[in-house]
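Have a look at the structure below, then the notes.
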Amino acid sequence: MSTYSENTAAGAAADPAPGGGDAKGSRRMLASTFLGTTIEWYDFLVYGFLAPVALDVLFFPQFSPLVGTIAAFSVFAVGFLARPLGGIVFGHLGDRVGRKPIMIWTMALAGAATTAMGLLPTYTTIGLLAPVVLVVLRFVQGLALGGESAAGPLLATESAPGGRRGLFAAIVQSGAAGGTVLGATAVLLVGLMPREDLLAWGWRLPFLASAVIFFVGLYMRVRVAESPLFTRAVGAAGAERMPLLVVLRSHKAATARVLFAAVAESSVFYFTAIFGLSYVTGTLGLSPALPLLGIVIGNGLGMLTNPLFGWLSDRVGRRPLLLLAYALGCLYVVAVFFPLLRTADPALVVLALAIPGAVLQPMSLAVTGSFYPEQFDDARVRLSGIALGRQIGTVLGGGLLPVVSAALVAATGGLTASLVYYAALCAAGFLAVLLSRESARTALT
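The number in my numbering is simply the position in the sequence shown, starting from 1, with 6 added.
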């Protein structure tokens, strides 16, 4: 029987170096995909951070505070409902014309939608039309991220030398932590403004800032080379006419593994950072500055721990780290997270929000960046399969988790039902990974 190191070495020999061994091209690719991922996650998450701070009042003032929060989180969930459609559309295009073009298109789409949010009149100005347009713009953000969140790590994985796929994909995935840091910091800063100024105009600034950073990311992204594995696969056998149909016909098991892993992967962040922020401000009545500071600190560290866990997955495998991540994530949230919040001690509240971003989320997110592509053995349909499985899984997991949790708290008056729901999502991901083969050993040719 071959040892793990022997199989890994075989994979390293089979997988080509990116761009034929061009180290400068590899650095450009990693920098561009990292920055693009940072920008798109900033665009997507800044709404979630602002929702319980200002958007519930500005766009749903006719409701009570709790119902307004549920309504704001429902709009947040709309972005997730759009992600499977974005994954299907951009996955199809990415498997037909390449990874690079859709990464440019999705960045432009997300930047335009986020900037438009910053210019949107509120309910007091245009009435019911304000939340309607907000829903439309949120849907557009979800479409864009549905393609970007699958294409970025995939390009890095397909461009990595054998034995370093985990590290390359994790560097790109750390852009999600970077976007979280930027988004939470922006909301933290405007949250320090007088309440009147925040509601009058300050809430617009985080959205409008997207227009500034968009052009930097676009400049870097247009200079990136296409995936060498995809280019060779299409050159040898031609592009599939309908990649999604091939996925549904021949890659159902791989798509299901990705889907259920994504359910758990997305849950820890959105339960702690998004619902946790609402719980601290709405239920405990504390300042939003405390959880936002914890999110900033945790994800700032996560920008470092993501590559570390990716590197480690190249050594010990993807499955051990993912199984540990889902188990620890469940135990932490159920037994530790909310007791720390309820102490109302500023240091402990910050710590409670920092731990998921620094450890629990990177342990999962960094590894799935390479784990998902490795489930598919055909580069001509790989993006379609990843996008479909991951985006549906993210909807069923983190996308619906904040609004479902808020509704369960409103219905039951406690957290027990929400914690049981969260634990079930973690169990689904744990089982999916447990039934998967160890993919770090295999080549992507």
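We treat Cβ as the ideally placed atom computed from N, Cα and C, and that holds for glycine. Keep in mind the model is a prediction, meaning the values are calculated, not measured.
Taking its Cβ as the centre, do 16 or more other Cβ atoms sit within 10 Å of R171, making it buried, or is it exposed? buried
Helix, strand or coil for Y427 per DSSP? Secondary structure at Y427: helix, using DSSP grouped into helix, strand and coil.
Looking only at its chain, what residues have a beta carbon closer than 6 Å to the beta carbon of A119, apart from the 5 residues adjacent to it on each side? Contacts found: L143, V146 and Q147.
Give me, in chain order, the residues of the same chain whose beta-carbon lies closer than 6 Å to that of G27; leave out the 5 immediate sequence neighbours on both sides. For G27, the predicted structure reports a pLDDT of 47, less than 50, and the residue's modelled location is therefore unreliable. A value from the coordinates is still provided. Excluding positions up to five away in sequence, the list is empty.
F213 lies in the alpha helix (DSSP H); which residues open and close that run? R210 to R227
To the nearest angstrom, how far is it from the Cα of A116 to the Cα of A270? 25 Å
At the level of alpha carbons, what is the spacing between A452 and L56? Residue 452 is absent from the model: the chain starts at 7 and stops at 451.
Can you round the beta-carbon distance between A162 and A183 to whole angstroms, since I take them to be within the 8 Å contact cut? Actually they do not touch by this definition, with Cβ atoms about 15 Å apart.
Taking the alpha-carbon of F40 as reference, which of V356, T186, I301 and G158 has the nearest alpha-carbon? Measuring from the Cα of F40, the nearest candidate turns out to be G158.
Expressed to the nearest angstrom, what Euclidean distance is found between the alpha-carbon atoms of A385 and I110? Computed Cα separation, rounded: 20 Å.
Going straight from the alpha carbon of L236 to that of G316, what length do you get? According to the sequence provided, residue 236 is Phe. The question's Leu does not apply to it. Taking the straight line from one Cα to the other gives about 22 Å.
Relative to the alpha-carbon of I461, which residue among I301, I361 and L173 has its alpha-carbon at the smallest distance? The requested residue 461 does not occur in the structure, where the chain is confined to residues 7 to 451.
Note down the Cα distance separating I132 from A60, rounded to an integer number of angstroms. 17 Å
Please list the terminal residues of the continuous alpha helix (DSSP H) segment that includes T131. Y129 to I132
Is DSSP giving D203 helix, strand or coil here? helix
Figure out for me which residue from G85, L299 and I177 has the closest Cα to the Cα of L198. Nearest of G85, L299 and I177 to L198, Cα basis: L299.
Got a sec, what are the start and stop residues for the alpha helix (DSSP H) G391 sits in? Here the alpha helix (DSSP H) through G391 covers R388 to T400.
Given a cut-off of 9 Å, decide if G169 and L328 are closer than it, judged by their beta-carbon atoms. no
Ends of the alpha helix (DSSP H) at R33? Note, R33: alpha helix (DSSP H), A29 to L56.
What first and last residue would you give for the alpha helix (DSSP H) that runs through R348? F344 to R348
Ordered along the chain, which non-local residues of its own chain (more than five positions away) have a Cβ less than 7 Å from that of P297? G282, L283, V286, V355 and L359
Which whole runs of the alpha helix (DSSP H) in the region 220 to 301 are 4 residues long or more, in chain order? Runs of the alpha helix (DSSP H) inside the region 220 to 301: 234 to 243, 249 to 256 and 258 to 275.
Assigned secondary structure, V439 (DSSP; H/G/I helix, E/B strand, else coil): helix
Beta-carbon spacing of K106, E246 below 9 Å: Going by C-beta atoms, K106 is not nearer than 9 Å to E246.
For L36, which residues in the same chain have their Cβ closer than 6 Å to its Cβ, ignoring the five residues on either side in sequence? I177
Report the option in G419, A413, F82 and T400 whose CA atom is closest to the CA atom of C432. The residue among G419, A413, F82 and T400 with its C-alpha nearest the C-alpha of C432 is T400.
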